[in-house]
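According to the working numbering, the stretch in the sequence shown is residues 8 to 166, in order.
First comes the structure, then the notes that go with it.
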Amino acid sequence: MNNNDILRRVRYIFDYSDQLMLSIFKLGGCEAGKPELIAWLAREEEPEFVLCEDEKLARFLNGLIIKNRGPKGDEPPEPEPALTNNIVLRKLKIALNLQADDLLEILELNEFTLSKHELSALFRRPDHKNYRECLDQLLRNILDGMEKHYRKNQARTPG
């Protein structure tokens, strides 16, 4: 999955406004403007499309963690120079305070089954013998499940 798609999906799942998206970027240490945000949220076939670099998405996800869980220190954490699906998944898990059972339930909403052992392998260090790479299909299923879970809950919540 490309970073722009992840950004668009997170925005849609939580129904974030442009202003809120920019404030999340700022929390992560990225001073982005509305034109940049529009370019990152554009689809690939649109003329204003600009690829969202790994560092920018990492800063956004770090900002999401800070928004939802509070800052850990005075400065936002340094972003990873290169993102993998495993890192994206870990950051979403932290930002949303999800436990293994929560992630498995989210996957079930998309009729995708994974064991706890398979799930935990996604969060191991890459040099660990039981490390498992998070493929695009799995990340897509998690994001789709999150959409079903969080959008359903938003419909019931006033405001």
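Idealized CB from N, CA, C, for every residue including glycine.
- Message: Using a 10 Å radius around the Cβ and a threshold of 16 neighbouring Cβ atoms, would you call residue 39 buried or exposed?
- Response: Mapped onto the sequence shown, residue 39 falls at position 32. Buried, because 16 or more other Cβ atoms sit within 10 Å of the Cβ of residue 39.
- Got a sec? Which residues, its chain only, sit under 8 Å from residue 60 by beta carbon, not counting five neighbours each side? On the sequence shown, residue 60 is found 53 positions in, with the first residue counted as 1. Closer than 8 Å at the Cβ level, and outside the excluded window around residue 60, lie 10.
- Does DSSP put residue 150 in a helix, a strand or coil? Taking the sequence shown and counting its residues from 1, the one referred to as residue 150 is at position 143. If DSSP states are grouped into helix, strand and coil, residue 150 belongs with the helices.
- Query: Where does residue 89 land, buried or exposed, given buried means 16+ other C-beta within 10 angstroms?
  - Reply: Within the sequence shown, the letter at position 82 stands for residue 89. Residue 89 should be labelled exposed.
- Query: Does the distance from the CB of residue 31 to the CB of residue 80 come in under 7 Å?
  - Reply: By 1-based counting over the sequence shown, the position of residue 31 is 24. By 1-based counting over the sequence shown, the position of residue 80 is 73. Note that the C-beta distance between residue 31 and residue 80 is not below 7 Å.
- Which ranges would you report for the alpha helix (DSSP H) in the region 33 to 70 if only whole runs of at least 4 residues count? 41 to 48
- Burial state of residue 42 (16 or more Cβ within 10 Å): Here residue 42 refers to the residue found at position 35 of the sequence shown. Residue 42 is exposed by the Cβ-count criterion.
- If you count every other CB in all the chains shown that lies within 10 Å of the CB of residue 77, and 16 or more means buried, which is it? For this step, residue 77 is matched to residue 70 along the sequence shown. By the neighbour-count rule (16 or more Cβ atoms within 10 Å), residue 77 is not buried but exposed.
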